[in-house]
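For the protein sequence lines, the chains are A and B, in the order given. Numbering of the first sequence is given in my numbering, commencing with residue 1 and proceeding in unit increments. Numbering of the second sequence is given in my numbering, commencing with residue 1 and proceeding in unit increments. Idealized CB from N, CA, C, for every residue including glycine. First comes the structure, then the notes that go with it.
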Amino acid sequence: MKILVGIKRVIDYNVRVQVNREGTGVVKDGVKMSINPFDEIAVEEALRMKERGEAEEVVVVSVGPEAAQQQLRTALAMGADRAVLYQAEEEIQPLAAARALLQIVQAEDAGLVLLGKQAIDDDANQVGQMLAALWDRPQATFVSKLERSGDTLKAMREVDAGLENIEVDLPAVVTVDLRLNEPRFVKMPDIMKAKRKPLDIKPFAELGVEMPPQLEVGAHEPPPKRQGGTKVESVAALVQALKDKGVL
Amino acid sequence: MSRVLLIADHDGKTLNTGIARTVACARQLGNVHVAVFHAPDGDAPCAAAAKLDGVSRVLSVRHEANGAPLAAVLAPQIARLAAEHEGGYDYVLAPSTTFGKDVLPRVAALLGVPQVSDLMEVIDARTFKRPIYAGNVITTVKVPEGIPVLATVRIASFQAVGEAGEAPIVAAQAEAELPTHSRYLGLAESGGSDRPDLQSAPRVVAGGRGVGSKENFEIIFKLADRIGAAVGASRAAVDAGYVPNDMQVGQTGKIIAPDLYIAIGISGAIQHMTGIKDAGCIVAINKDGDAPIFEAADFGLVGDLFTLLPELEKALDAAG
Ligand SMILES: Cc1cc2nc3c(=O)[nH]c(=O)nc-3n(C[C@H](O)[C@H](O)[C@H](O)COP(=O)(O)OP(=O)(O)OC[C@H]3O[C@@H](n4cnc5c(N)ncnc54)[C@H](O)[C@@H]3O)c2cc1C
Ligand SMILES: Nc1ncnc2c1ncn2[C@@H]1O[C@H](COP(=O)(O)O)[C@@H](O)[C@H]1O
Numbered sequence: 001m002k003i004l005v006g007i008k009r010v011i012d013y014n015v016r017v018q019v020n021r022e023g024t025g026v027v028k029d030g031v032k033m034s035i036n037p038f039d040e041i042a043v044e045e046a047l048r049m050k051e052r053g054e055a056e057e058v059v060v061v062s063v064g065p066e067a068a069q070q071q072l073r074t075a076l077a078m079g080a081d082r083a084v085l086y087q088a089e090e091e092i093q094p095l096a097a098a099r100a101l102l103q104i105v106q107a108e109d110a111g112l113v114l115l116g117k118q119a120i121d122d123d124a125n126q127v128g129q130m131l132a133a134l135w136d137r138p139q140a141t142f143v144s145k146l147e148r149s150g151d152t153l154k155a156m157r158e159v160d161a162g163l164e165n166i167e168v169d170l171p172a173v174v175t176v177d178l179r180l181n182e183p184r185f186v187k188m189p190d191i192m193k194a195k196r197k198p199l200d201i202k203p204f205a206e207l208g209v210e211m212p213p214q215l216e217v218g219a220h221e222p223p224p225k226r227q228g229g230t231k232v233e234s235v236a237a238l239v240q241a242l243k244d245k246g247v248l
Numbered sequence: 001m002s003r004v005l006l007i008a009d010h011d012g013k014t015l016n017t018g019i020a021r022t023v024a025c026a027r028q029l030g031n032v033h034v035a036v037f038h039a040p041d042g043d044a045p046c047a048a049a050a051k052l053d054g055v056s057r058v059l060s061v062r063h064e065a066n067g068a069p070l071a072a073v074l075a076p077q078i079a080r081l082a083a084e085h086e087g088g089y090d091y092v093l094a095p096s097t098t099f100g101k102d103v104l105p106r107v108a109a110l111l112g113v114p115q116v117s118d119l120m121e122v123i124d125a126r127t128f129k130r131p132i133y134a135g136n137v138i139t140t141v142k143v144p145e146g147i148p149v150l151a152t153v154r155i156a157s158f159q160a161v162g163e164a165g166e167a168p169i170v171a172a173q174a175e176a177e178l179p180t181h182s183r184y185l186g187l188a189e190s191g192g193s194d195r196p197d198l199q200s201a202p203r204v205v206a207g208g209r210g211v212g213s214k215e216n217f218e219i220i221f222k223l224a225d226r227i228g229a230a231v232g233a234s235r236a237a238v239d240a241g242y243v244p245n246d247m248q249v250g251q252t253g254k255i256i257a258p259d260l261y262i263a264i265g266i267s268g269a270i271q272h273m274t275g276i277k278d279a280g281c282i283v284a285i286n287k288d289g290d291a292p293i294f295e296a297a298d299f300g301l302v303g304d305l306f307t308l309l310p311e312l313e314k315a316l317d318a319a320g
């Protein structure tokens, strides 16, 4: 079985993101970029499945800017076998990304697609579900435990009520949650080795994706600021303050 | 008037508390029908939905396969209703619970339209505000004309509607070819306690890594019980195994808006704060006076939680 992992290049999760001066987007100049943290977990899971003999090949794909090569190289250094970048400099919204991934999944004849549960830039949480719908295959979202037995997968999902188990037939789309695993660190020799692994760059247009209607993205603004910062000196003062506010 | 289809989140017995908040958003957009997909014995959620102010009709969609919340089974039925029921709907909404987030994008893809995730404010019929970058940025998005608007509604952004309504409950058909490739096995673990529900409780007490262990977490539960609060936790506390995952608050946990939130031994990472910034009043107890949580807290108390919490309980007892 071939596993396809979707990777998005996003602003690193440690960066405090700022709206740009014009209010048309966020400041990206000189800002650290990384693999979407959930996607790193997806890569790790794919590698573990391969190491257990449950998959033969791990292919990482990204639809995005030329610079996303860096994130694909990181995934190769983690241990992925090969990478494909469909280069698109403009913003790709979730439905377009899902249609693009569908083309890739079918061309690669993948048996399992592992994605992050959400990209931490747009926080959409859509692509996996959309891909599964278009592919007419099962979805297991927000997964924190995954077991393959033969042609089925047992997935434990993190839901509002707790943890839920479902079983799906392969091929399937799985979106991963934070507690699924802890991604490995890449070591220097792995980075060197990754430089020789195949990374194909192709134009997005080559996928022949019919562009769906897109949301028109308008103004960006910082969230309303909370008036905080007051400290109280003692427990008694705290209780009094809460009583005065009428919340206790 | 525009027609709004709201997909109910329920467990067969009770309607998710987020639905009353989602209705508050939905009724700003048009005439609201709530669709309840259920198996033969799920009448209670229909009755609960019919009571919500602003709901004009409840569509009861009964099917053997609808006993479990499987997106692959529900999405084709929802898409069918959305496109065809009495001429179709202008809006299809779901709460931004894990159920809504799982199922609605699948519907959007079947309909070939984009989805607005975490709708937090209605600007006009097709223009909305939503958070991105873990709530550090708010964007305005517009859904192009000529297609239905699909959105998950950020429930913490809306006040629940009242329960004086009396909408008729009508049986609806949503025939679609249903897949057999997905099977529900059941809940493996649930917080299932007698404590108030984290997503709707007016008071929440939450603990972080600073609490130190599963055993120590008892003091958080004790304080919560003392003031009738629900219990939450940071991701670090969940990862360390102090409490189950359904108690996590934040970007990838629950987004909540209680009147009072007491954060104990929580540093205040962006991903945590995004889950609580709509709280009425935030209290932080932390031994590090420079912890970022204090910037957002209405009342901060610096000190060791293991000395402060027993003191707090005493003070509460004294204050009655
Ligand atoms: C993609 C992504 C998503 C995430 N989603 C979430 C999310 O949904 N929710 C979430 O919470 N986090 C989330 N995180 C993690 C987040 O970045 C932080 O790591 C986490 O919130 C830290 O939890 P904490 O505050 O409990 O722990 P810490 O940051 O370790 O803070 C512990 C605090 O306890 C205090 N303390 C220690 N001992 C005591 C004592 N005896 N008395 C008083 N105070 C004490 C310390 O001073 C410290 O401030 C996410 C991270 C990523 C990358
Ligand atoms: N442009 C992209 N290229 C590759 N994978 C993507 C892309 N966009 C999203 N994904 C995958 O889909 C997941 C969910 O993204 P989203 O629905 O945008 O929150 C991400 O974690 C990635 O695994």
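| Check | Outcome |
| --- | --- |
| Measure the alpha-carbon distance for B/His38 versus B/Ile7 and round it to whole angstroms. | 11 Å |
| What does the Cβ neighbour count give for B/Ala279, buried or exposed, with the cut at 16 atoms within 10 Å? | buried |
| Give every residue of the same chain whose Cβ lies closer than 8 Å to the Cβ of B/Pro168, excluding the five residues on either side of it in the sequence, and list them in chain order. | Ala50, Arg57 and Val58 |
| Quick one: which chain A residues come within Cβ less than 7 Å of B/Gly112? | Pro212 |
| Could you confirm whether any beta carbon from chain A is found closer than 9 Å to the beta carbon of B/Phe217? | no |
| On the criterion of 16 or more Cβ atoms from any shown chain inside 10 Å, does B/Gly208 qualify as buried, or is it exposed? | buried |
| Does DSSP classify A/Pro189 as helix, strand or coil? | helix |
| In chain order, which beta strand (DSSP E) runs of at least 3 residues are fully inside the stretch 232–319 of chain B? | 260–264, 281–286 and 299–302 |
| Does B/Asn245 come within less than 9 Å of chain A when only Cβ atoms are used? | yes |
| Do the stretch 172–182 of chain A and the stretch 107–116 of chain A meet, that is, are 3 or more Cβ pairs less than 8 Å apart? | yes |
| Grouping DSSP H, G and I as helix and E and B as strand, with all else coil, what is B/Phe158? | coil |
| Any residues whose CB sits closer than 7 Å to a heavy atom of ligand 2? List them in chain order? | A/Gly6, A/Ile7, A/Lys8, A/Asn36, A/Phe38, A/Asp39, A/Ala42, A/Val61, A/Ser62, A/Val63, A/Gly64, A/Ile92, A/Pro94, A/Ala97, A/Leu101, A/Leu115, A/Gly116, A/Lys117, A/Gln118, A/Ala119, A/Asp122, A/Asp123, A/Ala124, A/Asn125, A/Gln126, A/Val127, A/Gly128 and A/Thr175 |
| Chain A beta carbons: is any one of them nearer than 9 Å to that of B/Asp298? | yes |
| In chain order, what are the residue ranges of uninterrupted alpha helix (DSSP H) at least 4 long that sit wholly in the stretch 156–241 of chain A? | 188–194 |
| For a contact defined as C-beta to C-beta under 9 Å, what are the partners of A/Arg148 on chain B? | What A/Arg148 touches in chain B: nothing, since even the nearest Cβ is about 15 Å away. |
| Thinking just about the alpha-carbon of each residue, which of A/Tyr86, A/Asn125 and A/Val61 is nearest to the one in B/Thr252? | A/Asn125 |
| Give the C-beta separation of B/Leu110 and B/Ala79 to the nearest angstrom, bearing in mind that I take them to be a contact with Cβ-Cβ under 8 Å. | 4 Å |
| Within a Cβ cutoff of 6 Å, which residues of the same chain sit near B/Ala20, ignoring the five residues on either side of it in sequence? | Leu52, Ala160 and Val161 |
| Where do the N-terminal and C-terminal ends of the alpha helix (DSSP H) with A/Ile41 fall, by residue? | Pro37 to Glu51 |
| Check whether the Cβ of B/Pro45 lies closer than 9 Å to any Cβ atom in chain A. | no |
| List, in chain order, every chain A residue whose beta-carbon is nearer than 7 Å to that of B/Arg183. | Ile166 and Glu167 |
| Alpha carbon to alpha carbon, what distance is there between B/Ser157 and A/Gly246? | 21 Å |
| Consider the C-beta atom of B/Leu223 and the heavy atoms of ligand 1; say whether any pair is separated by less than 8 Å. | no |
| In chain B, which residues lie with their C-beta within 9 Å of the C-beta of A/Ile41? | Here the premise fails: no neighbours, minimum Cβ distance about 11 Å. |
| Which class does B/Tyr133 belong to by DSSP, given the choice of helix, strand or coil? | helix |
| Whole angstroms are fine: how far does the CA of B/Leu309 sit from the CA of B/Thr274? | 25 Å |
| Near A/Ala97, which residues of its chain fall below 7 Å by C-beta distance, leaving aside the five closest residues on each side in sequence? | Val63 and Val127 |
| Scan the stretch 260–277 of chain B for residues whose Cβ lies nearer than 8 Å to a Cβ of chain A and list them as they occur along the chain. | Leu260, Ile270, Gln271 and Lys277 |
| Just to make sure I have the definition right: I need the residues of chain B whose C-beta is within less than 8 Å of the C-beta of A/Pro222. Which are they? | Asn136, Val137 and Ile138 |
| Consider the C-beta atom of B/Gly268 and the heavy atoms of ligand 1; say whether any pair is separated by less than 8 Å. | yes |
| Quick one: residues in its chain with C-beta nearer than 7 Å to the C-beta of A/Asp169, no 5 flanking neighbours on either side, listed in chain order? | Pro138, Asp151 and Thr152 |
| List the DSSP bridge partners of A/Pro94. | None, per the DSSP bridge assignment. |
| How close, in whole Å, do the beta carbons of A/Ala236 and B/Ala315 come, if the pair is a contact with beta carbons under 8 Å? | 6 Å |
| With a threshold of 9 Å between beta-carbons, can B/Phe99 be considered close to chain A, or not? | yes |
| For the beta strand (DSSP E) holding A/Lys145, just list the boundary residues, first then last. | Gln139 to Ser149 |
| Is there at least one Cβ from chain B nearer than 9 Å to A/Met156's Cβ? | yes |
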